[in-house]
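**Student:** Numbered according to the working numbering, the sequence shown spans residues 6 to 253. All residues carry an ideal CB built from backbone N, CA and C; glycine is no exception.
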Amino acid sequence: MEGRIHSIETSGMVDGPGIRYVIFTQGCLLRCQYCHNPDSWARDSGELRSVSSLIKDIKKYLPYMKHSNGGVTVSGGEPLLQIDFLTELFKGCKKLGIHTTVDSSGGCFSKHRSFQTKFNELLKYTDLFLVDLKQIDDEKHRTLTGMSNKRILDFARTLSRKDVPVWIRHVLVPGITDNEKDLRNLRLFINELTNVEKVEVLPYHKMGAYKWQELGLSYTLEGTEPPDEKTTEWAKQLLCSQKTIQTV
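(1) Would residue 96 and residue 66 be called neighbours here (beta carbons separated by less than 8 Å)?
(2) Return the Cβ separation of residue 77 and residue 9 in integer angstroms, given the expectation that the two are a contact with Cβ distance under 8 Å.
(3) Can you tell me the Cβ-Cβ gap for residue 110 and residue 157, rounded? I've got them flagged as a contact below 8 Å.
(4) Do three or more CB pairs link the stretch 177 to 193 to the stretch 214 to 223 at distances below 8 Å?
(5) My output table needs one value for residue 172: the three-state DSSP class, helix, strand or coil.
(6) Going by Cα to Cα distance, which pick from 187, 120 and 74 is closest to residue 106?
(7) Within 8 Å (strictly less), CB to CB, does residue 149 reach chain B?
(8) Tell me the rounded alpha-carbon separation between residue 255 and residue 34.
(9) Among 53, 189 and 83, whose alpha-carbon lies nearest the alpha-carbon of residue 240?
(10) Checking the sheet assignment: what are the DSSP bridge partners for residue 54?
(11) Span of the alpha helix (DSSP H) holding residue 106?
(12) Label residue 244 either buried or exposed according to how many other C-beta atoms from any shown protein chain fall within 10 Å of its C-beta, with 16 as the threshold for buried.
(13) If you run the structure through DSSP and keep just helix, strand and coil, what is residue 17?
(14) Beta-carbon separation of residue 176 and residue 220 under 8 Å?
(15) Which residues does DSSP pair with residue 25 in a beta bridge?
(16) Just to confirm my understanding: we take residue 69, look at its own chain, exclude 5 residues before and 5 after, and list those with CB closer than 6 Å. What are they?
(17) Check the DSSP bridge columns for residue 114 and list the partner residues they point to.
(18) Given that a residue counts as buried once 16 or more other Cβ atoms are within 10 Å of its Cβ, and exposed if not, what is residue 135?
(19) Going by alpha carbons, who is nearest to residue 195 out of 172, 222, 210 and 44?
(20) The alpha helix (DSSP H) with residue 234 in it runs from where to where?
(21) Helix, strand or coil for residue 250, going by three-state DSSP, please let me know.
(22) I'd like to know whether the C-beta atoms of residue 133 and residue 170 end up nearer to each other than 8 Å.
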């Protein structure tokens, strides 16, 4: 089986525990204003790679994964758009005893029976989800990403009901995702979930802005600067559940 791959990072340190082999898949339904990989949006682009070729390459890094309690993370783009490929890849990883993580926005999550059947199969081979909660206010989420957040919140709730370990991620963008009321409402939502092990507040950065220019796209956040440390720490404290959630 083949999947469309945007890029690969062989020694990732920020997408799950330990040292990780990170696969960025091609294709995404969201159009986040701060996206640093807009070249990953098109679903018919990227490099076609077979599961067997990826497993062969992953094996080279097993010592680093084992020593650091790391593993394989599939990010994007949106990995769930290629759920059959993702499941086969994770089956291969599990045969090698590798920890598996999916980094997803949940934008393509569906309650349709056919998707749910495939999703439940994927869960058998997945140890952790990194769930990107971009904006709790639906109208603001539509402006920020081009889509409603209803599927994404359903995605998070479903993982909670199935007791699948989750790390929540929130990108802090000054003037867009740092409103105190929104952050408090996001915290209330996170507190409803029973499976959250960690909350990560990721400061907005401009490192991918040049890609927008190369693609002929207008970068909406031109002039927006990253949040300072004080603001980032304040947001972390707001999103921290009283006792059960570790913030990063």
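**Tutor:** On the basis of the coordinates in this document:
(1) no
(2) Not a contact, Cβ separation roughly 17 Å.
(3) 6 Å
(4) no
(5) strand
(6) 74
(7) The question asks about chain B, but that chain is absent: this structure has only one protein chain.
(8) Since the displayed the chain opens at 6 and closes at 253, residue 255 lies outside it and no answer follows.
(9) 189
(10) 8
(11) From DSSP, residue 106 is part of no alpha helix (DSSP H) but of the beta strand (DSSP E) over 104 to 109.
(12) buried
(13) strand
(14) no
(15) 17 and 76
(16) 24
(17) For residue 114, which the question treats as bridged, DSSP gives no partner whatsoever.
(18) buried
(19) 172
(20) 234 to 244
(21) Note that residue 250 scores a pLDDT of 46, beneath 50, so its modelled location is shaky; the value from the coordinates is reported in the next line. Coil.
(22) yes
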